[in-house]
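Residue numbering for the sequence shown follows the working numbering, starting at 4 and increasing by one per position.
Structure, as structure tokens:
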Amino acid sequence: MVFDIASGNEALTLIGGKEQKIKKEDIVLRSGPDVLISHLFGPGDSTKITDKTVDALYLFWFAEHISDREIDSIVQDFKRLLSLIQSEKSTIETFEVQEAGSEFIVTPWDVKGNIDYDKLVRQFGTKKIDEPLLKDMKAIAGEDHYFLKRKIFYSHMYLDEILKSHKKGEKFYLYTGRAPSGPVHLGHIIPWLFTKWLQEKFDATLLFQIPDEEKFLFKDNLTLDDTRKWAYENILDIIALGFDPKKTKIFLDTEYAGHMYKHACVVSKKITYSTIKSTFGFESDRNIGEIFYTAMQSVPVLLPSVMEGKKTRVLIPCAIDQDVHFRLTRDVAESLGYYKPATILCRFLPGLQGMGEEGKMSSSAESTAIYTHDDPKIVKNKILKYAFSGGRDTVEEHRKLGGNPEIDVAYQWLTFFEEDDAKLEKIYKDYKSGKLLSGELKMLLVDKINNFLTAHREKKEKAKKEIEKFMLRD
């Protein structure tokens with residue numbers, strides 16, 4: 004759809020069915036050759052701008068996949084056309100209509116507040132995973148992953164192109180990562196579990212980036228030795244999830260830099276400082292390493308094509324806060340002759356205290372997180388003490404009125420970790436009816452998490468002998 008100046012030989016059909024001839028030099032919105040909207044004539048017979056019109060309000064609302072940048076471009080284009088036909092006395096004012104709802108913060112480095120995930124899709128300009136796409140995924144994979152059915156992975160960019168090319172027999176690579184600054188918690192594991200499923204179902208090679216320089220550059224209290232130590236500790240958690248060593252390549256940026264750096268230089272030449280500043284909100288006090296980091300994170304998007312010796316697609320499973328990095332990479336990759344990277348994006352595992360002020364699960368706030376090294380007693384204590392409850396103040400009140408699973412963190416976590424749909428539905432109904440108490444719900448989660456972590460720690464111990472099978476080195 005585009006704004007245009009009318010030729011004078013066209014007509015607009017109003018909502019009432021009446022045909023209205025459009026004057027020459029009227030502003031119109033076209034979809035192909037068809038006129039959808041006129042500047043002078045609104046949707047009904049009585050809405051018309053005349054010489055006596057004092058005020059005219061133009062309200063724009065957009066499809067969910069339209070980004071803020073595209074919206075600004077459309078509005079500026081419309082204002083430019085208005086300026087061509089306005090009189091000397093008329094003025095054009097622009098204002099934003101704020102959506103109702105609590106404020107939240109989502110950046111690659113900070114997530115806080117009660118997230119409106121639909122609004123986030125609109126702000127980031129991504130697309131929702133719709134039913135046709137889910138059917139395609141199921142047809143190829145042979146099953147639905149419960150992360151998809153429950154809309155934990157709910158948004159994407161160019162996933163449809165990945166599936167189309169896969170149907171034609173073209174291979175694609177997976178790419179995900181972990182910036183090491185401390186121990187792994189359960190929030191980190193969610194995208195990795197889904198990545199493992201994608202690797203199995205699509206027989207895809209995985210590039211697992213460990214950008215150890217990122218946390219060194221962005222956190223004043225960390226040295227490169229610190230991030231390297233955490234990198235190898237985190238790698239054990241990654242291997243313990245069961246990735247295929249023949250199809251998984253893990254690399255540290257500082258150790259694989261000899262191979263990455265020349266590609267990062269090519270990428271960095273295509274990205275201006277003003278673009279980085281406007282995209283990430285960087286101020287003048289940021290170090291230059293932070294600015295260059297986006298180029299390094301873009302390199303794994305190019306590596307599959309380099310490794311295969313031909314143009315190769317990449318799919319990136321990650322939390323939605325990370326998509327902003329690849330927004331820049333898409334434009335650069337295409338200009339360099341590569342495919343735009345596709346992303347499949349997930350919601351955040353909330354911190355134990357809920358999203359609120361503490362936000363998603365974070366390594367910097369222990370009361371929000373459960374780590375893979377937490378023993379069963381610590382897990383139990385954290386969940387019973389910190390997990391935000393949707394229950395009532397008294398047992399009697401809870402039995403009578405029931406709990407609220409929508410805000411109960413123990414239930415929310417079970418949607419991430421309980422694979423059995425029937426069991427999860429029963430928990431939901433029992434809690435909502437008051438049959439299941441808050442303490443009982445928390446203990447269901449305690450058992451689920453401890454069973455997972457006990458098995459994970461055993462695999463992590465075995466992974467110590469497997470590291471070199473996975474590492475990609477210069």
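For every residue, glycine included, the Cβ atom is placed at its ideal position computed from N, Cα and C.
Since we're looking at a predicted model, the values are computed, not measured.
Since MET140 is in the alpha helix (DSSP H), which residue starts that stretch and which ends it?
-> Position 137 of the sequence shown, counted from the start, is the residue given in the question as residue 140. MET140 -> alpha helix (DSSP H) spans 134 to 144.
Residue burial classification, ASP48 (beta-carbon count within 10 angstroms, cutoff 16) = Residue numbering aside, residue 48 sits at position 45 when the sequence shown is read from its first letter. Because ASP48 carries a pLDDT of 49, less than 50, the predicted location of this residue cannot be relied on, and the following value inherits that uncertainty. Answer is exposed; the Cβ neighbour count stays below 16.
Leaving aside the five residues before and after ILE410 along the sequence, list all residues of the same chain whose C-beta is less than 6 Å from its C-beta, in chain order.
-> On the sequence shown, residue 410 is found 407 positions in, with the first residue counted as 1. Cβ within range, chain order: GLY393.
Would you mind sorting ILE238 into buried or exposed? The rule is 16 or more other CB atoms within 10 Å of its CB.
-> On the sequence shown, position 235 is the one that residue 238 refers to. The residue is buried, with at least 16 neighbouring Cβ atoms inside 10 Å.
In three-state DSSP terms, what is ILE470?
-> As a position in the sequence shown, residue 470 is number 467, starting the count at 1. In the structure shown, ILE470 adopts helical secondary structure according to DSSP, grouped into three states.
Sufficient close CB pairs (3 or more, under 8 Å) joining the segment 461 to 468 to the segment 423 to 441 | The segment 461 to 468 vs the segment 423 to 441: no contact.
Minimum C-alpha distance to LEU177 - residue among THR346, LEU439, SER370 = The count along the sequence shown starts at 1 and reaches residue 177 at position 174. LEU177 has its Cα closest to that of THR346, out of THR346, LEU439, SER370.
Nearest-angstrom Cα distance between THR251 and ALA390?
-> The count along the sequence shown starts at 1 and reaches residue 251 at position 248. The count along the sequence shown starts at 1 and reaches residue 390 at position 387. Roughly 35 Å separates the two Cα atoms.
Does the Cβ of LEU417 have 16 or more other Cβ atoms within 10 Å, making it buried, or fewer, making it exposed?
-> Locating residue 417 in the sequence shown gives position 414, where the first residue counts as 1. LEU417 counts as buried, since no fewer than 16 other beta carbons sit within 10 angstroms of its beta carbon.
Per-residue DSSP class, three states only, for THR397 | As a working mapping, residue 397 is identified with position 394 in the sequence shown. In this structure, THR397 counts as coil in the three-state DSSP scheme.
Should ASP240 go down as buried or exposed, given a rule of 16 or more other Cβ atoms within 10 Å for buried?
-> Stepping through the sequence shown from its first residue, residue 240 is reached at position 237. So ASP240 counts as buried.
Check whether the segment 444 to 459 touches the segment 223 to 230, taking contact to mean three or more Cβ pairs, one atom from each stretch, closer than 8 Å.
-> The segment 444 to 459, when compared against the segment 223 to 230, does not touch it at the 8 Å Cβ threshold.
Around the Cβ of THR208, are there at least 16 other Cβ atoms within 10 angstroms (buried) or fewer (exposed)?
-> On the sequence shown, position 205 is the one that residue 208 refers to. THR208 is classed as buried because its beta carbon has at least 16 other beta carbons within 10 Å across all chains shown.
Secondary structure of PHE254, DSSP reduced to three states | In the sequence shown, counting from the first residue as 1, residue 254 sits at position 251. The DSSP-derived three-state label of PHE254 is strand.
How do the segment 453 to 463 and the segment 194 to 212 stand: do at least 3 beta-carbon pairs fall below 8 Å, yes or no?
-> As far as the Cβ criterion goes, the segment 453 to 463 does not touch the segment 194 to 212, which means the pair count is below three.
In three-state terms, what does DSSP make of SER10?
-> Here residue 10 corresponds to residue number 7 of the sequence shown, with the count starting at 1. Looking at SER10 - three-state DSSP - the assignment turns out to be coil, as it is neither helix nor strand.
HIS191 to PHE283 span [Cα, whole Å] | Position 188 of the sequence shown holds residue 191. Position 280 of the sequence shown holds residue 283. Taking the straight line joining both Cα atoms gives about 22 Å.
Starting from LYS24, follow its DSSP beta bridges and name the residues at the other end.
-> Locating residue 24 in the sequence shown gives position 21, counting from the first residue. In the DSSP secondary-structure assignment, LYS24 is bridged to ALA14.
Near LEU306, which residues of its chain fall below 7 Å by C-beta distance, leaving aside the five closest residues on each side in sequence?
-> Here the question's residue 306 lines up with position 303 in the sequence shown. Within the same chain, LEU306 has close Cβ partners LEU210.
Among PRO353, GLU286, PRO320, GLY340, the one whose alpha carbon lies nearest that of HIS188 = Your numbering for residue 188 matches position 185 in the sequence shown. Of the candidates PRO353, GLU286, PRO320, GLY340, the residue whose Cα lies closest to the Cα of HIS188 is PRO353.
Name the one or two DSSP bridge partners that PRO320 has.
-> Against the sequence shown, residue 320 aligns to sequence position 317. Answer is ILE347, bridged to PRO320.
Confirm, please, whether the CB-CB distance from ASP247 to GLN202 is below 8 Å.
-> Taking the first residue of the sequence shown as position 1, residue 202 is located at position 199. Taking the first residue of the sequence shown as position 1, residue 247 is located at position 244. Going by C-beta atoms, GLN202 is nearer than 8 Å to ASP247.
Can you grab the Cα-Cα spacing for the pair LYS154 / THR297, in whole Å?
-> The count along the sequence shown starts at 1 and reaches residue 154 at position 151. The count along the sequence shown starts at 1 and reaches residue 297 at position 294. Approximately 28 Å, taken between the alpha carbons.
Using only alpha-carbon positions, find the residue among PRO303, THR230, GLY245 that is nearest to MET263.
-> Taking the sequence shown and counting its residues from 1, one reaches residue 263 at position 260. The shortest C-alpha to C-alpha distance from MET263 to any of PRO303, THR230, GLY245 is the one to PRO303.
Continuous beta strand (DSSP E) stretch holding VAL31: start and end = Reading the sequence shown from its first residue, position 28 is the one you call residue 31. Residues 30 to 34.
Answer with buried or exposed for LYS472, where buried requires no fewer than 16 other C-beta atoms within 10 angstroms of its C-beta.
-> Taking the first residue of the sequence shown as position 1, residue 472 is located at position 469. With fewer than 16 other beta carbons inside 10 angstroms of its own, LYS472 counts as exposed.
With 16 other CB atoms within 10 Å as the buried threshold, where does TYR276 fall?
-> Taking the sequence shown and counting its residues from 1, one reaches residue 276 at position 273. Within a 10 Å sphere around the beta-carbon of TYR276 sit fewer than 16 other beta-carbons, which makes this residue exposed.
Per-residue DSSP class, three states only, for ILE192 = Within the sequence shown, the letter at position 189 stands for residue 192. Residue state, collapsed to three classes: helix.
Would you list, in sequence order, the uninterrupted alpha helix (DSSP H) runs of no fewer than 4 residues that lie entirely inside the segment 406 to 466?
-> Within the segment 406 to 466, the complete alpha helix (DSSP H) runs of at least 4 residues are 412 to 420, 424 to 436, 441 to 466.
First and last residue of the alpha helix (DSSP H) that includes LEU162?
-> Working through the sequence shown from its first residue, we reach residue 162 at position 159. Unbroken alpha helix (DSSP H) run through LEU162: 162 to 170.
Nearest-angstrom Cα distance between PHE175 and THR375?
-> As a working note, residue 175 is residue 172 in the sequence shown. As a working note, residue 375 is residue 372 in the sequence shown. Answer to the nearest angstrom: the Cα atoms are 30 Å apart.
Can you tell me which of the three DSSP states PRO307 falls into?
-> Within the sequence shown, the letter at position 304 stands for residue 307. Of the three classes helix, strand and coil, the one that applies to PRO307 here is helix, per DSSP.
Going by Cα to Cα distance, which pick from LYS265, THR332, LYS130 is closest to PHE156?
-> In the sequence shown, the residue the question calls residue 156 occupies position 153. Closest by alpha carbon: LYS130.
Which full runs of the alpha helix (DSSP H) of 4+ residues lie inside the segment 217 to 264, going along the chain?
-> Here the runs fully enclosed are 227 to 243.
Coarse secondary structure for PHE81, derived from DSSP in three states | Mapped onto the sequence shown, residue 81 falls at position 78. Helix at PHE81.
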